[in-house]
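Position one of the sequence shown corresponds to residue 18 (the numbering used here), numbered consecutively onward.
Here is the structure we will look at.
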Amino acid sequence: MSSSSRPLVSIGIPTYNRAAGHLRDVIERSLGQTYRNIEVIVSDNCSTDDTPALIDSFNDPRLRYFRQETNIGPNNNFNYCMNQARGEYFLLFHDDDMIDKNFIEACMSSLEPGQKVGVIISGVRLINEYGDVRAEHENKADATTPAEFILGWYAGETTLYLCNTLYNTGYLKEIGGFHSKKGLFDDLVATFTLLARYGRVDVKEVRASFRRHSNNRGSSVPVEDWIEDSMFLIDLMCDLMPHDCQSLRKNGRKYFSRKMYRHVVRGLSLLPRIGAYFRIYKSFGFGYSPLHFIYTRKLKRINRMLTRN
18 MSSSSRPLVS
28 IGIPTYNRAA
38 GHLRDVIERS
48 LGQTYRNIEV
58 IVSDNCSTDD
68 TPALIDSFND
78 PRLRYFRQET
88 NIGPNNNFNY
98 CMNQARGEYF
108 LLFHDDDMID
118 KNFIEACMSS
128 LEPGQKVGVI
138 ISGVRLINEY
148 GDVRAEHENK
158 ADATTPAEFI
168 LGWYAGETTL
178 YLCNTLYNTG
188 YLKEIGGFHS
198 KKGLFDDLVA
208 TFTLLARYGR
218 VDVKEVRASF
228 RRHSNNRGSS
238 VPVEDWIEDS
248 MFLIDLMCDL
258 MPHDCQSLRK
268 NGRKYFSRKM
278 YRHVVRGLSL
288 LPRIGAYFRI
298 YKSFGFGYSP
308 LHFIYTRKLK
318 RINRMLTRN
């Protein structure tokens with residue numbers, strides 16, 4: 018099958034002031050996919066750096082560049098990329114994440130002839146700001162129902178980020194794109210809605226890289242917003258899968274409470290951490306030893322010192 022006869026896949030890259038960062042590498046990796054029938058959409062959120070000049074340095078008709086006149090916010094920029102997509106499937110990822118050169122090929126080859134699904138999900142690696150690999154997570158999901166998949170996600174059988182999730186463009190537009198109550202789990206809302214309604218295909222192998230650093234979106238978000246978006250997502254799961262609501266809600270409260278506890282440990286000093294602990298407990302009804310979360314960083318520091326000695 019010639020590349021032009023294969024379905025068009027759109028790659029969306031929302032960006033803001035990353036010309037001196039990883040943007041060039043991200044665009045080059047996208048245009049260099051072994052799956053050739055692609056378009057790459059860059060939506061510049063009114064950058065004040067040399068992003069336009071960087072884009073001009075590329076000479077590839079598959080690259081489409083849009084510049085916002087004013088900054089429309091990250092979530093609106095996500096959906097702007099989606100609305101420009103002309104492909105049958107759509108990948109959206111941050112301007113510092115990476116995909117392997119065969120990511121699109123691996124995803125599209127996983128489909129049976131004529132098969133249409135809501136999402137295709139691969140394994141993913143975690144990298145630091147320098148590109149060093151910190152962890153690799155194969156997609157080990159072996160679920161036959163959407164609820165089983167989500168319960169497996171709670172248990173760590175699969176890891177979900179934008180960069181390792183390929184969406185059916187038409188279905189994604191049908192549900193209104195990426196949205197959640199506080200804009201923190203907008204990708205998961207889309208992923209769970211599409212896999213519940215239209216099914217999924219899993220790619221076990223690691224084919225994408227999520228870059229974890231101190232400036233990741235949400236690192237400074239108030240814990241109340243995380244709680245509200247978590248509860249919104251749990252309620253959505255129950256609406257999508259009412260027969261499995263009890264299990265999804267119980268395990269979801271446990272999963273997100275632990276996630277929230279870890280979030281406040283990383284971002285708050287001692288007294289605000291104590292207050293956040295009790296707000297999380299009140300919201301989710303799930304508690305862990307507060308001493309563990311309040312003093313985790315100090316214990317880790319002491320342990321490193323003892324190990325060195």
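All C-beta atoms, glycine included, are put in the ideal place defined by N, C-alpha and C.
For clarity, every value in this text was computed on a predicted model and none was experimentally measured.
Would you say the segment 209-216 touches the segment 117-125, given that touching needs at least three Cβ pairs under 8 Å? A contact between stretches requires three or more CB pairs, one per stretch, nearer than 8 Å, and the segment 209-216 fails this requirement with the segment 117-125.
Between the C-alpha atoms of I138 and N181, what's the straight-line distance to the nearest angstrom? Sequence index remark: in the sequence shown, residue 138 carries index 121 (1-based). Sequence index remark: in the sequence shown, residue 181 carries index 164 (1-based). Answer to the nearest angstrom: the Cα atoms are 6 Å apart.
At a cut of 8 Å, does the segment 25-35 reach the segment 106-118 through at least three beta carbon pairs? Taking a cut-off of 8 Å for Cβ pairs, the segment 25-35 and the segment 106-118 touch, as three or more such pairs fall below it.
Tell me the DSSP secondary structure of K157 in three-state form. By 1-based counting over the sequence shown, the position of residue 157 is 140. Residue state for K157 is assigned as coil, using DSSP reduced to three classes.
Quickly, what does DSSP pair P78 with across the bridge? List them, please. Taking the first residue of the sequence shown as position 1, residue 78 is located at position 61. None, per the DSSP bridge assignment.
Alpha carbon to alpha carbon, what distance is there between L211 and D256? Residue numbering aside, residue 256 sits at position 239 when the sequence shown is read from its first letter. Residue numbering aside, residue 211 sits at position 194 when the sequence shown is read from its first letter. Roughly 13 Å between the two C-alpha positions.
Collapsed DSSP secondary structure at N185 in the structure displayed: Counting from 1 along the sequence shown, the entry for residue 185 is found at position 168. When DSSP states are grouped into helix, strand and coil, N185 belongs to the strand group.
Looking at the structure shown, is V238 part of a helix, part of a strand, or coil, going by DSSP? On the sequence shown, residue 238 is found 221 positions in, with the first residue counted as 1. If DSSP states are grouped into helix, strand and coil, V238 belongs with coil.
Checking 8 Å against the spacing of the C-beta atoms, do L250 and L205 come in under that value? Looking up residue 250 in the sequence shown gives position 233. Looking up residue 205 in the sequence shown gives position 188. With a cutoff of 8 Å on beta-carbon distance, L250 and L205 are scored as near each other.
Which of the three DSSP states, helix, strand or coil, is assigned to E222? As a working mapping, residue 222 is identified with position 205 in the sequence shown. Strand.
Ends of the alpha helix (DSSP H) at T32? Within the sequence shown, numbered from 1, the residue matching residue 32 stands at position 15. It is not in any alpha helix (DSSP H) - T32 instead sits in the beta strand (DSSP E) that spans 26-32.
Look at the alpha carbon of K190 and the alpha carbon of Y147, and state the distance between them as a whole number of angstroms. As a first step, residue 190 must be located in the sequence shown, where it is residue number 173. As a first step, residue 147 must be located in the sequence shown, where it is residue number 130. The C-alpha of Y147 is placed about 34 Å away from the C-alpha of K190.
Measure the beta-carbon distance from I89 to Y97 and round it to whole angstroms, keeping in mind my assumption that it falls under 8 Å. Here residue 89 is taken as the residue at index 72 of the sequence shown, counted from 1. Here residue 97 is taken as the residue at index 80 of the sequence shown, counted from 1. Right, the Cβ-Cβ distance comes to about 7 Å (below 8 Å), so this counts as a contact.
For L108, three-class secondary structure by DSSP: Taking the first residue of the sequence shown as position 1, residue 108 is located at position 91. Collapsing the DSSP output to three states places L108 in a strand.
Against chain D, does N88 count as a neighbour if the rule is that its beta carbon must be under 8 Å from one of theirs? The structure shown contains no chain D; it is built from a single protein chain.
Does G269 pass the burial test, meaning 16 or more other C-beta atoms within 10 Å, or should it be called exposed? Along the sequence shown, one-based indexing puts residue 269 at 252. Around the CB of G269, 16 or more other CB atoms lie within 10 Å, so the residue is classed as buried.
Taking just the CA atoms, how far does T65 sit from T87? Position 70 of the sequence shown, counting from 1, holds the residue named residue 87. Position 48 of the sequence shown, counting from 1, holds the residue named residue 65. Take the alpha-carbon of T87 and the one of T65: they are about 11 Å apart.
Between T51 and K118, which are expected to be in contact by the criterion C-beta below 8 Å, what is the C-beta distance as a whole number of angstroms? Stepping through the sequence shown from its first residue, residue 51 is reached at position 34. Stepping through the sequence shown from its first residue, residue 118 is reached at position 101. Their Cβ separation, rounded to whole angstroms, is 6 Å, which keeps T51 and K118 in contact under 8 Å.
Selected residue, minimal CA-CA separation from R84, among S197, N94, V240: For the purposes of this step, residue 84 is taken as residue 67 along the sequence shown, with counting starting at 1. When each option's Cα is compared against that of R84, the closest is N94.
May I ask you to list the residues that DSSP assigns as paired with V59? Residue mapping note: residue 59 aligns to position 42 of the sequence shown, counting from 1. For V59, the beta-bridge partners assigned by DSSP are I30, Y82.
Straight-line gap, S286 to P130 (C-alpha atoms, nearest Å): Within the sequence shown, numbered from 1, the residue matching residue 286 stands at position 269. Within the sequence shown, numbered from 1, the residue matching residue 130 stands at position 113. Cα-Cα distance, rounded: 54 Å.
To which residues of the same chain is N92 closer than 8 Å at the C-beta, ignoring the five residues directly before and after it? What you label residue 92 is simply residue 75 of the sequence shown in a count that begins at 1. The answer, listed in chain order, is F195, H196, G200, D203.
I'd like to check one pair, L80 with V57: are the Cβ atoms closer than 8 Å? Position 40 of the sequence shown holds residue 57. Position 63 of the sequence shown holds residue 80. Yes, the pair counts as a contact, with Cβ atoms nearer than the cut-off.
Pick from R290, V43, R23: whose alpha carbon is nearest that of I327? The structure shown has nothing for residue 327, since the chain only spans 18 to 326.
Bridge partners of G140, per DSSP? Reading the sequence shown from its first residue, position 123 is the one you call residue 140. DSSP, once it has assigned bridges, lists V223 as partnering G140.
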